[in-house]
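Under numbering that gives the first Met the number 0, think of the first position of the sequence shown as 0, with each following residue one higher.
Worksheet: one structure, shown below.
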Amino acid sequence: MIRLEQRPEPSRVFAYLTPLMAVLATFLFGGVLFAVLGKDPVQSIVTIFWEPLFGEFAFFYRPQLLIKGAPLVLIAIGLSLGFKAGIWNIGAEGQYIIGALVGAGVGLAFYPAASVLIFPLMVVAGAFGGWVWAMIPGVLKVRFGTNEILVSLMLVYVAEQFLASMSLGLLKNPEGFGFPGSRNLQQYASAHNAEIIAGSGMHWGVVAALIAVIFAYVLLSRHRLGFAVRVTGEAPRAARFAGVNPNRLVLFCLGISGMLAGLAGLFEVAGPAGQVSIDFNVGYGFTAIIVAFLGRLHPIGIVLAGLLMALTYIGGDIAQSQLGLPAAAIQVFQGMLLFFLLALDLFTNYRLRLRRAEVA
Numbered sequence: 000m001i002r003l004e005q006r007p008e009p010s011r012v013f014a015y016l017t018p019l020m021a022v023l024a025t026f027l028f029g030g031v032l033f034a035v036l037g038k039d040p041v042q043s044i045v046t047i048f049w050e051p052l053f054g055e056f057a058f059f060y061r062p063q064l065l066i067k068g069a070p071l072v073l074i075a076i077g078l079s080l081g082f083k084a085g086i087w088n089i090g091a092e093g094q095y096i097i098g099a100l101v102g103a104g105v106g107l108a109f110y111p112a113a114s115v116l117i118f119p120l121m122v123v124a125g126a127f128g129g130w131v132w133a134m135i136p137g138v139l140k141v142r143f144g145t146n147e148i149l150v151s152l153m154l155v156y157v158a159e160q161f162l163a164s165m166s167l168g169l170l171k172n173p174e175g176f177g178f179p180g181s182r183n184l185q186q187y188a189s190a191h192n193a194e195i196i197a198g199s200g201m202h203w204g205v206v207a208a209l210i211a212v213i214f215a216y217v218l219l220s221r222h223r224l225g226f227a228v229r230v231t232g233e234a235p236r237a238a239r240f241a242g243v244n245p246n247r248l249v250l251f252c253l254g255i256s257g258m259l260a261g262l263a264g265l266f267e268v269a270g271p272a273g274q275v276s277i278d279f280n281v282g283y284g285f286t287a288i289i290v291a292f293l294g295r296l297h298p299i300g301i302v303l304a305g306l307l308m309a310l311t312y313i314g315g316d317i318a319q320s321q322l323g324l325p326a327a328a329i330q331v332f333q334g335m336l337l338f339f340l341l342a343l344d345l346f347t348n349y350r351l352r353l354r355r356a357e358v359a
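Now the structure itself:
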């Protein structure tokens, strides 16, 4: 008989090897998936992970790593703080959308004025929008004891309806010939999140992501509040005895994650996306959950995981155009990362034991 036996203490070896093993397992089973779809598995994997970095047009794709990776890292950093404390914000996608709507709304309200103050106001508004949306599950949990997982997740669908409504109504481009969507912010210099260095992919969202990484690292390793976050996640009773206020921690973690998700939405709508549209959200809020866990909830690990996930986005687009792989297959491939990570993570705390079946 095979059974799971709890380890006396978590295995450090498995804790560090699990992300690598999850990536290798994803390669293996992803290859099987591509083969079932009638594609060469080796060519598919090579196209996804090699072409964006070293292929013929790598000079064009490499800057996309920063463009795609920045919102993932920014959102994942905020989520990781809550996850470490046992506070599960699954609604970052909704906070990302609301941050984009509020930030873009502020920018469009000043159109066509030219001022260096407009973009900073949009940044503040985007962060505020994400924070307000995250405070809904936060306040409900603190005040009424609701489940933040369900509330934050359900609010994603509410945010998507707001997005559709704004695209067809209040933020609709009056010169857009009736098509849904706002004005193009890339053509409105005062509200455009342009590249800081042309052709590099480095825009203000990338800078914000780097600042967030440094902030999270210092907070978790050097600050008393970071200690409270870690202790609450590892030993809630000990945290209460140490004087940690759980309600304040819930509001802090959800607030920070909402702010960072809102910022990610603002930088995306004012930069790469360029406008508010019905299909503006592309799942960054959900993908960031994979990034957070793949990075072991550590700021540096999240940076590496964010770049890896950005690579799958870029390589997936290449595979769709060159090999004819369906978009759904790429999404399944990305989801495999989280599945195998969580599955293999079990062995950090448990090990397999073989026992002979007892004969009656």
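Here a beta-carbon is modelled for each residue, glycine too, at the ideal position from N, C-alpha and C.
- If you ignore the 5 residues before and after Arg-352, its C-beta comes within less than 7 angstroms of the C-beta of Arg-2 and Glu-4, all in its own chain and listed in chain order.
- In this structure Gly-177 is exposed. Its beta-carbon is surrounded by fewer than 16 other beta-carbon atoms within 10 angstroms.
- Inter-residue distance for Leu-120 and Ala-327 is about 37 angstroms (C-alpha atoms, whole angstroms).
- Counting C-beta pairs with one atom in each stretch, the region 122–139 and the region 149–156 have three or more that are closer than 8 angstroms, which means they touch.
- Shown here, Tyr-15 sits in a helix according to DSSP, grouped into three states.
- Gly-102 and Pro-173 have their C-alpha atoms some 19 angstroms from each other.
- Leu-52: member of the alpha helix (DSSP H) spanning 50–53, first to last residue.
- Out of Asp-39, Ser-10, Ser-43 and Glu-8, the CA that lies nearest to the CA of Gly-315 is found in Ser-43.
- Comparing alpha-carbon positions, the option among Gly-168, Phe-339 and His-191 lying closest to Val-115 turns out to be His-191.
- One thing to note: Ala-208 has its Cβ within 9 angstroms of the Cβ of Gly-68.
- Judged by DSSP in its simplified three-state form, Gln-5 adopts strand.
- Each of Gly-264, Leu-149 and Ala-318 was checked against the Cα of Gly-282, and the nearest Cα belongs to Gly-264.
- Beta-bridge partners assigned by DSSP to Leu-351: Leu-3.
- DSSP places Gln-94 in the helix class (H, G or I) of the three-state scheme.
- Looking at Val-228, Phe-339, Val-243 and Leu-293, the one whose alpha-carbon comes closest to that of Lys-83 is Val-228.
- Phe-279 carries a coil assignment under DSSP once its states are collapsed to helix, strand and coil.
- The region 85–99 and the region 305–321 do not touch, with fewer than three beta-carbon pairs separated by less than 8 angstroms.
- For Val-141, the closest C-alpha among the options Thr-25, Val-249, Arg-295 and Gly-323 is that of Val-249.
- When the beta-carbon positions are compared, Val-275 and Gly-180 come within less than 9 angstroms of each other.
- DSSP places Ala-237 inside the alpha helix (DSSP H), whose first and last residues are 235–240.
- Cβ atoms of Ala-272 and Leu-71 stay farther apart than 8 angstroms, at about 15 angstroms.
- Cα atoms of Ala-99 and Phe-266: separation of roughly 8 angstroms, rounded to the nearest angstrom.
- Excluding the 5 residues flanking it on each side, Gly-232 has same chain C-beta neighbours closer than 7 angstroms at Lys-83, Ala-84 and Gly-85, in chain order.
- Considering only Met-258, Arg-223 and Gln-333, the residue with the shortest C-alpha distance to Ala-241 is Arg-223.
- Non-local beta-carbon contacts of Ala-124 in its own chain, meaning distances under 6 angstroms to residues more than five positions away in sequence, involve Val-101, Gly-102 and Val-105 in chain order.
- Between the alpha carbons of Cys-252 and Arg-11 lies a gap of roughly 27 angstroms.
- For the pair Ala-75 and Leu-343, the CB atoms are not nearer than the 9 angstroms cut-off.
- Burial is judged here by how many other beta carbons sit within 10 angstroms of a residue's own beta carbon; Ala-197 has fewer than 16 and is exposed.
- Per DSSP, reduced to three states, the secondary structure at Ser-320 is helical.
- Distance from Leu-184 to Asn-280 at the Cβ level is roughly 16 angstroms; contact not present, criterion being Cβ atoms closer than 8 angstroms.
- The region 131–193 contains, as complete alpha helix (DSSP H) runs of 4+ residues, the segments 147–167 (chain order).
- Counting along the chain, the unbroken alpha helix (DSSP H) around Phe-266 starts and ends at 245–268.
- Each residue's CA atom was taken as its position, placing Tyr-187 and Phe-285 some 30 angstroms apart.
- DSSP, read as helix, strand or coil, puts Ser-10 in coil.
- Taking 9 angstroms as the cut-off, the beta carbon of Arg-61 is found no closer than this to the beta carbon of Arg-350.
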